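Take a look at the structure below.
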Amino acid sequence: MASLTHHYQGKSEVNGGYERYLEWAQTAGERAGAAILTHYRTTGPVDLKSDGSPVTPADRAAHEVIMTVLAQATPDVPVASEEGGEIAGDRYWSVDPLDGTKEYVARTGAFVVNVALVEGGRPVVGVIFVPVTGECYFALKGGGAFKKTPAGVQRLNGRAFLGGPVRVVGSARHGTEAVTGLCEALACDEGGIERTALGSAWKFGWLAEGRADLYPRFGPTHTWDTAAGQCLVEESGGAVWVAGRQPLIYHHARQLNPSFVAVADARFAWPDFL
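If you want our numbering, it's the 1-based position in the sequence shown plus 4.
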(Lines of atoms letter the chains of each structure in order from A and count residues from 1; the text may use other names and numbers.)
(Lines give C-alpha, C1' and ligand atoms only; values in the text may rest on other atoms or scores of the structure.)
Protein backbone atom coordinates (compact mmCIF):
# COMPACT_ATOMS: atom_id res chain seq x y z
CA MET A 1 0.00 0.00 0.00
CA ALA A 2 1.65 3.21 -1.15
CA SER A 3 2.03 5.89 1.51
CA LEU A 4 0.24 9.18 0.98
CA THR A 5 1.95 11.16 3.70
CA HIS A 6 5.16 12.00 1.83
CA HIS A 7 3.12 14.54 -0.15
CA TYR A 8 2.83 16.52 3.09
CA GLN A 9 6.40 16.24 4.36
CA GLY A 10 7.65 19.51 5.80
CA LYS A 11 4.13 20.90 6.09
CA SER A 12 3.28 19.89 9.64
CA GLU A 13 3.17 23.51 10.70
CA VAL A 14 0.22 24.16 8.38
CA ASN A 15 -1.69 20.89 8.47
CA GLY A 16 -1.70 20.38 12.23
CA GLY A 17 0.32 17.16 12.13
CA TYR A 18 -2.59 15.08 10.84
CA GLU A 19 -0.47 13.01 8.43
CA ARG A 20 -0.69 9.83 10.50
CA TYR A 21 -4.48 10.12 10.58
CA LEU A 22 -4.44 10.27 6.80
CA GLU A 23 -2.51 7.01 6.68
CA TRP A 24 -5.09 5.32 8.88
CA ALA A 25 -7.96 6.76 6.86
CA GLN A 26 -6.38 5.49 3.65
CA THR A 27 -5.87 2.05 5.12
CA ALA A 28 -9.45 1.89 6.35
CA GLY A 29 -10.85 3.11 3.04
CA GLU A 30 -8.88 0.74 0.84
CA ARG A 31 -9.53 -2.31 3.01
CA ALA A 32 -13.22 -1.49 3.12
CA GLY A 33 -13.20 -1.11 -0.65
CA ALA A 34 -11.70 -4.58 -1.02
CA ALA A 35 -14.39 -6.03 1.25
CA ILE A 36 -17.10 -4.33 -0.81
CA LEU A 37 -15.75 -5.74 -4.07
CA THR A 38 -15.80 -9.26 -2.63
CA HIS A 39 -19.57 -8.93 -2.21
CA TYR A 40 -20.04 -6.91 -5.42
CA ARG A 41 -19.06 -9.91 -7.54
CA THR A 42 -22.06 -11.86 -6.27
CA THR A 43 -25.70 -11.11 -5.65
CA GLY A 44 -26.84 -10.82 -2.07
CA PRO A 45 -29.79 -9.80 0.09
CA VAL A 46 -30.89 -6.18 0.37
CA ASP A 47 -32.53 -5.21 3.65
CA LEU A 48 -34.25 -1.96 4.55
CA LYS A 49 -33.42 0.22 7.54
CA SER A 50 -36.07 1.96 9.61
CA ASP A 51 -35.85 5.03 7.34
CA GLY A 52 -36.43 2.93 4.23
CA SER A 53 -32.85 3.14 2.93
CA PRO A 54 -31.18 -0.07 1.75
CA VAL A 55 -28.39 -1.92 3.54
CA THR A 56 -26.45 -4.91 2.23
CA PRO A 57 -23.84 -7.39 3.47
CA ALA A 58 -21.25 -5.19 1.76
CA ASP A 59 -22.26 -2.19 3.93
CA ARG A 60 -21.89 -4.28 7.06
CA ALA A 61 -18.59 -5.87 5.99
CA ALA A 62 -17.06 -2.50 5.11
CA HIS A 63 -18.24 -1.08 8.45
CA GLU A 64 -16.59 -3.89 10.40
CA VAL A 65 -13.31 -3.46 8.50
CA ILE A 66 -13.19 0.28 9.14
CA MET A 67 -14.13 -0.04 12.80
CA THR A 68 -11.36 -2.61 13.29
CA VAL A 69 -8.68 -0.49 11.59
CA LEU A 70 -9.57 2.72 13.39
CA ALA A 71 -10.05 1.06 16.79
CA GLN A 72 -6.54 -0.35 16.56
CA ALA A 73 -4.95 2.84 15.21
CA THR A 74 -6.78 5.47 17.26
CA PRO A 75 -8.51 3.86 20.24
CA ASP A 76 -8.98 7.28 21.83
CA VAL A 77 -10.91 8.73 18.85
CA PRO A 78 -14.59 7.71 18.58
CA VAL A 79 -16.02 6.60 15.26
CA ALA A 80 -19.40 7.77 13.97
CA SER A 81 -20.37 5.44 11.12
CA GLU A 82 -23.63 5.36 9.22
CA GLU A 83 -23.87 1.76 10.37
CA GLY A 84 -23.23 2.51 14.04
CA GLY A 85 -20.48 3.48 16.48
CA GLU A 86 -20.00 5.44 19.68
CA ILE A 87 -20.02 9.25 19.56
CA ALA A 88 -18.38 11.59 22.03
CA GLY A 89 -16.03 14.56 22.12
CA ASP A 90 -14.91 17.31 19.77
CA ARG A 91 -12.72 15.06 17.59
CA TYR A 92 -14.14 11.99 15.88
CA TRP A 93 -13.99 9.89 12.75
CA SER A 94 -16.98 10.30 10.42
CA VAL A 95 -17.41 7.27 8.19
CA ASP A 96 -19.74 6.05 5.49
CA PRO A 97 -18.56 2.50 4.77
CA LEU A 98 -20.50 2.32 1.50
CA ASP A 99 -21.77 5.67 0.27
CA GLY A 100 -24.15 5.09 -2.59
CA THR A 101 -25.74 1.79 -1.60
CA LYS A 102 -28.48 2.29 -4.20
CA GLU A 103 -25.78 2.59 -6.86
CA TYR A 104 -24.16 -0.56 -5.50
CA VAL A 105 -27.46 -2.44 -5.71
CA ALA A 106 -28.05 -1.11 -9.25
CA ARG A 107 -24.49 -2.16 -10.22
CA THR A 108 -23.60 1.29 -11.61
CA GLY A 109 -20.20 1.37 -9.91
CA ALA A 110 -20.82 4.91 -8.61
CA PHE A 111 -20.29 4.16 -4.93
CA VAL A 112 -17.42 5.09 -2.60
CA VAL A 113 -16.00 4.75 0.89
CA ASN A 114 -15.86 7.99 2.93
CA VAL A 115 -13.48 8.42 5.86
CA ALA A 116 -13.03 11.82 7.51
CA LEU A 117 -11.55 13.15 10.72
CA VAL A 118 -13.65 16.01 12.14
CA GLU A 119 -12.34 18.41 14.75
CA GLY A 120 -14.07 21.49 16.09
CA GLY A 121 -16.93 21.02 13.62
CA ARG A 122 -14.67 21.08 10.54
CA PRO A 123 -13.18 18.21 8.52
CA VAL A 124 -9.38 18.12 8.82
CA VAL A 125 -8.70 14.81 7.03
CA GLY A 126 -10.69 13.46 4.10
CA VAL A 127 -10.41 10.24 2.10
CA ILE A 128 -12.79 9.11 -0.63
CA PHE A 129 -11.98 5.70 -2.09
CA VAL A 130 -13.67 4.43 -5.26
CA PRO A 131 -13.62 0.60 -5.16
CA VAL A 132 -14.43 -0.07 -8.82
CA THR A 133 -11.62 2.15 -10.15
CA GLY A 134 -9.10 2.04 -7.32
CA GLU A 135 -8.98 5.84 -7.21
CA CYS A 136 -8.22 7.40 -3.83
CA TYR A 137 -8.93 11.10 -3.27
CA PHE A 138 -7.32 12.52 -0.14
CA ALA A 139 -6.79 15.84 1.60
CA LEU A 140 -5.45 17.40 4.79
CA LYS A 141 -6.49 20.74 6.21
CA GLY A 142 -3.86 23.26 5.15
CA GLY A 143 -1.96 20.69 3.09
CA GLY A 144 -3.79 20.44 -0.22
CA ALA A 145 -5.79 17.78 -2.03
CA PHE A 146 -4.56 14.89 -4.17
CA LYS A 147 -5.76 11.92 -6.18
CA LYS A 148 -3.97 8.56 -6.28
CA THR A 149 -4.49 6.12 -9.15
CA PRO A 150 -2.48 3.12 -10.34
CA ALA A 151 -0.64 5.58 -12.61
CA GLY A 152 0.54 7.80 -9.75
CA VAL A 153 -0.48 10.75 -7.60
CA GLN A 154 -1.58 14.18 -8.81
CA ARG A 155 -2.32 17.37 -6.94
CA LEU A 156 -5.88 18.64 -7.34
CA ASN A 157 -6.62 22.33 -7.90
CA GLY A 158 -10.20 22.29 -9.11
CA ARG A 159 -10.90 24.53 -12.09
CA ALA A 160 -10.87 28.31 -12.20
CA PHE A 161 -14.29 29.28 -13.52
CA LEU A 162 -14.02 32.02 -16.14
CA GLY A 163 -17.61 32.05 -17.34
CA GLY A 164 -19.35 30.09 -20.06
CA PRO A 165 -21.26 26.83 -19.60
CA VAL A 166 -21.46 25.67 -15.97
CA ARG A 167 -20.70 22.00 -15.47
CA VAL A 168 -23.18 20.82 -12.83
CA VAL A 169 -22.92 17.41 -11.20
CA GLY A 170 -25.88 16.30 -9.13
CA SER A 171 -27.58 13.32 -7.59
CA ALA A 172 -29.32 10.92 -9.90
CA ARG A 173 -31.89 10.11 -7.20
CA HIS A 174 -32.46 13.12 -4.92
CA GLY A 175 -33.70 16.70 -5.30
CA THR A 176 -33.75 16.63 -9.08
CA GLU A 177 -36.52 19.22 -9.47
CA ALA A 178 -34.70 21.77 -7.31
CA VAL A 179 -31.47 21.17 -9.20
CA THR A 180 -33.33 21.65 -12.48
CA GLY A 181 -34.62 25.00 -11.23
CA LEU A 182 -31.12 26.10 -10.25
CA CYS A 183 -29.75 25.02 -13.62
CA GLU A 184 -32.39 27.02 -15.42
CA ALA A 185 -31.51 30.13 -13.41
CA LEU A 186 -27.80 29.63 -13.96
CA ALA A 187 -28.27 29.19 -17.69
CA CYS A 188 -29.75 32.69 -17.85
CA ASP A 189 -26.65 34.19 -16.24
CA GLU A 190 -23.79 31.97 -17.32
CA GLY A 191 -24.58 30.96 -20.89
CA GLY A 192 -25.57 27.34 -20.54
CA ILE A 193 -25.39 24.21 -18.44
CA GLU A 194 -23.62 20.89 -18.87
CA ARG A 195 -25.33 18.54 -16.43
CA THR A 196 -24.21 15.12 -15.20
CA ALA A 197 -25.95 12.78 -12.74
CA LEU A 198 -23.61 10.86 -10.48
CA GLY A 199 -24.15 8.88 -7.30
CA SER A 200 -22.38 9.19 -3.93
CA ALA A 201 -19.68 11.54 -2.67
CA TRP A 202 -17.74 10.87 -5.84
CA LYS A 203 -19.26 14.20 -6.96
CA PHE A 204 -16.89 16.01 -4.58
CA GLY A 205 -14.00 14.26 -6.33
CA TRP A 206 -15.21 15.57 -9.67
CA LEU A 207 -15.21 19.11 -8.30
CA ALA A 208 -11.73 18.77 -6.82
CA GLU A 209 -10.20 17.40 -10.01
CA GLY A 210 -11.84 20.00 -12.26
CA ARG A 211 -14.41 17.78 -13.98
CA ALA A 212 -17.34 19.83 -12.61
CA ASP A 213 -17.94 23.38 -11.37
CA LEU A 214 -20.98 23.02 -9.15
CA TYR A 215 -22.68 20.41 -6.98
CA PRO A 216 -26.01 21.55 -5.49
CA ARG A 217 -27.65 19.31 -2.94
CA PHE A 218 -31.21 19.93 -1.79
CA GLY A 219 -31.98 16.47 -0.42
CA PRO A 220 -31.05 15.07 3.01
CA THR A 221 -27.43 14.23 3.84
CA HIS A 222 -25.54 13.50 7.05
CA THR A 223 -22.07 14.29 8.35
CA TRP A 224 -20.62 11.04 7.02
CA ASP A 225 -21.93 11.80 3.52
CA THR A 226 -20.13 15.13 3.19
CA ALA A 227 -17.23 15.60 5.64
CA ALA A 228 -14.56 13.82 3.57
CA GLY A 229 -15.70 15.49 0.37
CA GLN A 230 -15.80 18.91 1.99
CA CYS A 231 -12.18 18.59 3.09
CA LEU A 232 -11.22 17.58 -0.44
CA VAL A 233 -13.07 20.45 -2.12
CA GLU A 234 -11.88 23.11 0.30
CA GLU A 235 -8.26 22.02 -0.08
CA SER A 236 -8.50 22.10 -3.88
CA GLY A 237 -9.71 25.72 -3.94
CA GLY A 238 -13.46 25.26 -3.63
CA ALA A 239 -16.08 25.60 -0.93
CA VAL A 240 -19.18 23.95 0.50
CA TRP A 241 -21.72 26.66 1.31
CA VAL A 242 -25.00 26.68 3.19
CA ALA A 243 -27.35 29.69 3.35
CA GLY A 244 -25.50 33.01 3.34
CA ARG A 245 -22.40 31.41 1.80
CA GLN A 246 -21.31 30.15 5.17
CA PRO A 247 -19.20 26.97 5.30
CA LEU A 248 -20.95 23.77 6.27
CA ILE A 249 -20.23 23.16 9.97
CA TYR A 250 -20.75 19.88 11.80
CA HIS A 251 -22.43 20.49 15.12
CA HIS A 252 -22.93 16.79 15.71
CA ALA A 253 -21.42 13.56 14.43
CA ARG A 254 -24.87 12.41 13.21
CA GLN A 255 -25.97 15.80 11.97
CA LEU A 256 -28.67 16.07 9.34
CA ASN A 257 -27.18 18.67 7.00
CA PRO A 258 -29.06 21.62 5.53
CA SER A 259 -29.15 22.13 1.78
CA PHE A 260 -25.79 23.17 0.38
CA VAL A 261 -23.94 24.07 -2.79
CA ALA A 262 -20.38 22.91 -3.37
CA VAL A 263 -18.26 24.85 -5.87
CA ALA A 264 -14.90 24.04 -7.40
CA ASP A 265 -13.82 27.69 -7.53
CA ALA A 266 -14.61 29.62 -4.35
CA ARG A 267 -13.07 32.81 -5.78
CA PHE A 268 -15.61 33.21 -8.60
CA ALA A 269 -18.47 35.63 -7.97
CA TRP A 270 -21.24 33.08 -8.25
CA PRO A 271 -24.76 34.52 -8.57
CA ASP A 272 -26.43 35.46 -5.31
CA PHE A 273 -29.10 32.77 -5.64
CA LEU A 274 -26.48 30.17 -4.82
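By construction, the Cβ of each residue, glycine as well, lies at the ideal position given by its N, Cα and C atoms. Please read these numbers as outputs of a predicted model, since none were measured by experiment.
Check this for me: beta carbons of residue i and residue j, under 9 Å apart or not?
i	j	result
Ile70	Pro101	yes
Val83	Trp97	yes
Ser263	Gly104	no
Asn118	Ala257	no
Ala143	Gly130	yes
Pro127	Tyr254	yes
Glu299	Asp63	Nothing about residue 299 can be read from this structure; the chain reaches only from 5 to 278.
Trp210	Ala216	yes
Gly241	Phe208	no
Gly196	Gly162	no
Ala114	Trp245	no
Ala32	Val73	yes
What's the call for residue i, buried or exposed, on a 16-neighbour Cβ count within 10 Å?
i	result
Ala270	buried
Met5	Because Met5 carries a pLDDT of 46, less than 50, the predicted location of this residue cannot be relied on, and the following value inherits that uncertainty. Label assigned to Met5: exposed.
Leu260	exposed
Val79	According to the sequence displayed, residue 79 carries Pro and not Val. Its Cβ having fewer than 16 others within 10 Å, Pro79 is exposed.
Asp229	buried
Gln30	buried
Glu188	exposed
Pro135	buried
Leu41	exposed
Ala212	buried
Glu23	buried
Val18	With a pLDDT of 49 at Val18, under the threshold of 50, the modelled position of that residue is not reliable, and no figure is offered here.
Leu52	exposed
Ala247	exposed
Asp276	exposed
Glu107	buried
Look up residue i in the DSSP assignment and say whether it is helix, strand or coil.
i	result
Val136	coil
Arg126	strand
Leu41	helix
Tyr141	strand
Ala29	helix
Val69	helix
Gly174	strand
Gly148	strand
Arg215	coil
Leu166	coil
Arg24	helix
Thr184	helix
Gly196	coil
Pro58	strand
Phe273	Correcting the residue identity first, residue 273 is Ala in this sequence and not Phe. Three-state DSSP puts Ala273 in coil, outside helix and strand.
Ala84	strand
Judging by CA-CA distance, which residue of the options is the nearest neighbour of residue i?
i	options	result
Leu252	Gly174, Ser240, Cys235	Cys235
Pro220	Gly174, Ala231, Glu27, Arg249	Gly174
Gly138	Ser85, Ala65, Thr153, Gly214	Thr153
Tyr44	Gly33, Tyr25, Ala110	Ala110
Arg171	Thr42, Ala268, Asp55	Ala268
Glu238	His226, His255, Ala149, Ala273	Ala149
Gly124	Thr112, Ala114, Lys145	Lys145
Ile91	Thr227, Pro169, Lys106	Thr227
Trp274	Arg199, Gly223, Ala164	Ala164
Thr225	Ala38, Ser57, Ala32, Gln158	Ser57
Leu166	Arg249, Phe272, Val99	Phe272
Gly168	Leu190, Lys151, Gly185, Gly147	Leu190
Gly223	Val265, Ala36, Arg199, Arg249	Val265
Flag residue i as yes when its Cβ comes closer than 8 Å to any non-hydrogen atom of the ligand FMN, and as no otherwise.
i	result
Phe115	Among the ligands in the structure shown, none appear at all, so the ligand FMN cannot be discussed.
Ranges of the beta strand (DSSP E) found wholly within the stretch 219 to 264, counting only runs of at least 3: 243 to 246
Which whole runs of the alpha helix (DSSP H) in the stretch 88 to 117 are 4 residues long or more, in chain order? Listed in chain order, the alpha helix (DSSP H) elements of length 4 or more contained wholly in the stretch 88 to 117 are 105 to 109.
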